[in-house]
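Engineer:
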Amino acid sequence: MAAATEDIKDNIVILGATGPSGLQLVQQALARGYQVTALVRNPKKLEHIESKNLQVVQCDIMNPTELAKHMTGHTAVLSALGYPGLSIWSITFYEDSIRSIVSAMRNANIKRFIGITSMYSKYQSDYPFMVRYLIRPMLSRTLDSMFNMEQYLEKECQDLEYTIVRPPGLTNNSIIEQDVKVCENDYHFPDQSILMSIPRANVARFMLDILKDEKYIRQGVAIGVCSPYITQFFSEHNIPFEILPIFDSAYHSQLPDNNTNDYSVIVILGGPQSAYEHDIYPYLKWEKSFLAAQLTLNTPILGVCLGAHLLADVIGG
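The sequence shown begins at 2 in this note's numbering and counts up one residue at a time.
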C-alpha cells in the first residue's frame, strides 16, 4: 500500500505553459505522471499535446480572483512566465504578475511556488566584464523587473515555500545528461565553472526534481551545466574523472583526500582570464595552484576552458 501511495502524483499549476520553457515543464511533468493544469492566454498553442492528465484553461494571470478559481485543489505552482523581447521602457511585468500569483495562491491555500528569473538579476561588481558592460546593460529593464519580483518574494512572502531559479542564457538544445550545478543564495557562479547557457529542458527537469525537496525553500539559486563535451568524452572512454572549479585558495577544500587515486583525470573548469572558449590548457603547470594540486593528488590535471571540446587531442597523448 505504501508503494502505491508514493506513486500518486500531485495536481500542479504551470504558468507560461505555451512558451518554450513552459512547454518543457508541461511535457516533463506529464511524463512523470503529474496532473497538470496549464493557465494560458491562448489554449490553441497547447492543442498539439494530447494527455488525459493535462487541463488547459484560458486565464488572465493579472487577475488574482480568476487565477485562484483555477488554482484551487492544486498543491504547487510552477512559473515559466517571461516578458517577450527587449524594451527601451521600464518593465514591471515580473513584479506585477508575482503579486497577482501570490494573492491567488493564498486564496487557494497553495504554499509551494517555483519560478524562473535569471542569473545577474541583481547588479554585482564581481560579474565578468562582458556581463557588467554588455549583457546586463542590454537586459537591464527585464533583469530589474525580475529582481523586484525576487525581492517581493523574499520580503513579503515568507508564508510561502518559494524557490527562485536563476539560469544563464536559455537554449532549445537537447537536454544535457548531467546533474545541474547549484549555487545557493547567489546570482551567478563566482568561480565561472559553468557554461553561459543551459537547455530549457535541464531547467524544467531541475524544477520538477526540487518540487518536493525542502533544501531550496525560500531561496534563490543560480543553476548551470558544465560542457557536455567533457562529460560525454570521459564517459564514452570509461575514464574516471572529477570536475572541479578553478583552483585558488577558496576552492582547495573541494579537492579529494590527499591519498586518493580514484580518478584518472581531474578536469578543472575555467583557466586564465585571457583564454578563449575553444582553447585547451593541459596540465597548466605555470599556474602554481594547478601544479600543487597535481603533485598533491598524483593525478593528471586537465585545465579546460568553458566549451572546450577537443579533449581527444589532450587525452590521446
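A virtual CB, placed ideally from N, CA and C, is assigned to each residue, including glycine. No experiment lies behind these values; they were computed from the predicted model shown.
Give a yes or no on whether the C-beta atoms belonging to V181 and I136 are separated by under 7 Å.
Structural biologist: As a working mapping, residue 181 is identified with position 180 in the sequence shown. As a working mapping, residue 136 is identified with position 135 in the sequence shown. No, the Cβ-Cβ distance between V181 and I136 is not below 7 Å.
Engineer: Comparing C-alpha positions only, which one of N149, T19, L82, N203 sits nearest to Y1?
Structural biologist: Residue 1 falls outside the range modelled here, since the chain spans only 2 to 318, and no answer is possible.
Engineer: Return the CA-CA distance between V41 and G23, expressed in angstroms with no decimal places.
Structural biologist: As a position in the sequence shown, residue 41 is number 40, starting the count at 1. As a position in the sequence shown, residue 23 is number 22, starting the count at 1. Approximately 10 Å between the Cα atoms of the pair.
Engineer: Which residues in the same chain have their Cβ closer than 8 Å to the Cβ of H75, if we skip the five residues on either side of it in sequence?
Structural biologist: Counting from 1 along the sequence shown, the entry for residue 75 is found at position 74. For H75, where only same-chain residues beyond five positions count, the Cβ hits under 8 Å are D11, N12, I13, V14, T38, A109, I111.
Engineer: My assumption, with CB atoms under 8 Å, is that S98 sits in contact with L87. Please give the rounded CB distance.
Structural biologist: One-based indexing of the sequence shown puts residue 98 at position 97. One-based indexing of the sequence shown puts residue 87 at position 86. About 18 Å separates the two Cβ atoms, so there is no contact after all.
Engineer: Tell me the DSSP secondary structure of Q179 in three-state form.
Structural biologist: As a working note, residue 179 is residue 178 in the sequence shown. Coil at Q179, not helix or strand.
Engineer: Report the three-state DSSP secondary structure of A205 (helix, strand or coil).
Structural biologist: The residue you call residue 205 lines up with position 204 of the sequence shown. Looking at A205 - three-state DSSP - the assignment turns out to be helix.
Engineer: Suppose the cutoff is 6 Å on Cβ atoms and the five residues either side in sequence are ignored; what does the same chain contact list for S52 look like?
Structural biologist: Taking the first residue of the sequence shown as position 1, residue 52 is located at position 51. So the qualifying residues of the chain are L31.
Engineer: What residues are listed by DSSP as bridge partners for P200?
Structural biologist: Translated into positions along the sequence shown, residue 200 becomes position 199. Bridge partners of P200: T172.
Engineer: Buried or exposed for T73, going by 16 or more other Cβ atoms inside 10 Å?
Structural biologist: Position 72 of the sequence shown, counting from 1, holds the residue named residue 73. Its Cβ having fewer than 16 others within 10 Å, T73 is exposed.
Engineer: Check the C-beta distance from D117 over to V204 and give it rounded, since I have them as a contact under 8 Å.
Structural biologist: Translated into positions along the sequence shown, residue 117 becomes position 116. Translated into positions along the sequence shown, residue 204 becomes position 203. Sequence check: residue 117 is Ile here, not Asp. That belief holds up - the Cβ atoms of I117 and V204 are roughly 7 Å apart, short of 8 Å.
Engineer: Out of R142, S122, S80, state which residue places its alpha-carbon closest to the alpha-carbon of I92.
Structural biologist: Numbered from 1 along the sequence shown, position 91 holds the residue referred to as residue 92. Taking only the C-alpha atoms, the option nearest I92 is R142.
Engineer: May I ask you to report which of helix, strand or coil DSSP gives Q56?
Structural biologist: As a first step, residue 56 is located in the sequence shown; it is residue number 55 there, counting from the start. Three-state DSSP puts Q56 in a strand.
Engineer: What would DSSP say about R167, mapped onto helix, strand or coil?
Structural biologist: Along the sequence shown, read from residue 1 onward, the residue named residue 167 stands at position 166. Looking at R167 - three-state DSSP - the assignment turns out to be strand.
Engineer: Determine which residues share a DSSP beta bridge with G116 and list them.
Structural biologist: As a working note, residue 116 is residue 115 in the sequence shown. BP columns for G116 point to S80, I165.
Engineer: Which whole-angstrom value is the C-beta distance of V78 and I50, which I expect to be below 8 Å?
Structural biologist: The residue you call residue 78 lines up with position 77 of the sequence shown. The residue you call residue 50 lines up with position 49 of the sequence shown. Contact doesn't hold; Cβ gap of about 19 Å is too wide.
Engineer: Using the three-state DSSP reduction, which class does V226 fall into: helix, strand or coil?
Structural biologist: As a working mapping, residue 226 is identified with position 225 in the sequence shown. Coil.
Engineer: If we count the other Cβ atoms within 10 Å of its Cβ and call it buried at 16 or more, is M106 buried or exposed?
Structural biologist: The residue you call residue 106 lines up with position 105 of the sequence shown. The residue in question, M106, is buried, as its Cβ has 16 or more Cβ neighbours within 10 Å.
Engineer: DSSP state of Q159, grouped into three classes?
Structural biologist: For the purposes of this step, residue 159 is taken as the residue at position 158 of the sequence shown. Coil at Q159, not helix or strand.
Engineer: For the alpha helix (DSSP H) containing T66, name the first residue and the last one.
Structural biologist: Indexing the sequence shown from 1 puts residue 66 at position 65. From DSSP, the alpha helix (DSSP H) with T66 extends over 65-72.
Engineer: When you compare only the Cα positions, how much space is there between V132 and K45?
Structural biologist: The count along the sequence shown starts at 1 and reaches residue 132 at position 131. The count along the sequence shown starts at 1 and reaches residue 45 at position 44. Taking the straight line from one Cα to the other gives about 37 Å.
Engineer: If you reduce the DSSP assignment to three classes, tell me which class T143 lands in.
Structural biologist: Taking the sequence shown and counting its residues from 1, the one referred to as residue 143 is at position 142. Helix at T143.
Engineer: Beta carbon of P200, beta carbon of T172: below 7 Å?
Structural biologist: As a working note, residue 200 is residue 199 in the sequence shown. As a working note, residue 172 is residue 171 in the sequence shown. Going by C-beta atoms, P200 is nearer than 7 Å to T172.
Engineer: In terms of DSSP beta bridges, what is I13 paired with?
Structural biologist: Within the sequence shown, numbered from 1, the residue matching residue 13 stands at position 12. DSSP lists V37, A77 as partners of I13.
Engineer: Pull up the DSSP beta-bridge partners for Q220, would you.
Structural biologist: Numbered from 1 along the sequence shown, position 219 holds the residue referred to as residue 220. According to DSSP, which records beta bridges pairwise, Q220 is partnered with T164.
Engineer: Given this structure, state the Cα-to-Cα distance separating Y163 from I115, to the nearest angstrom.
Structural biologist: Position 162 of the sequence shown, counting from 1, holds the residue named residue 163. Position 114 of the sequence shown, counting from 1, holds the residue named residue 115. Near 6 Å, if we compare the C-alpha coordinates of I115 and Y163.
Engineer: Using a threshold of 7 Å, state whether the C-beta atoms of S119 and P65 are closer than that.
Structural biologist: The sequence position of residue 119 within the sequence shown is 118, counting from 1. The sequence position of residue 65 within the sequence shown is 64, counting from 1. It is not a contact, given that the beta carbons lie outside the stated cut-off.
Engineer: Give every residue of the same chain whose Cβ lies closer than 6 Å to the Cβ of S104, excluding the five residues on either side of it in the sequence, and list them in chain order.
Structural biologist: Mapped onto the sequence shown, residue 104 falls at position 103. The residues are P65.
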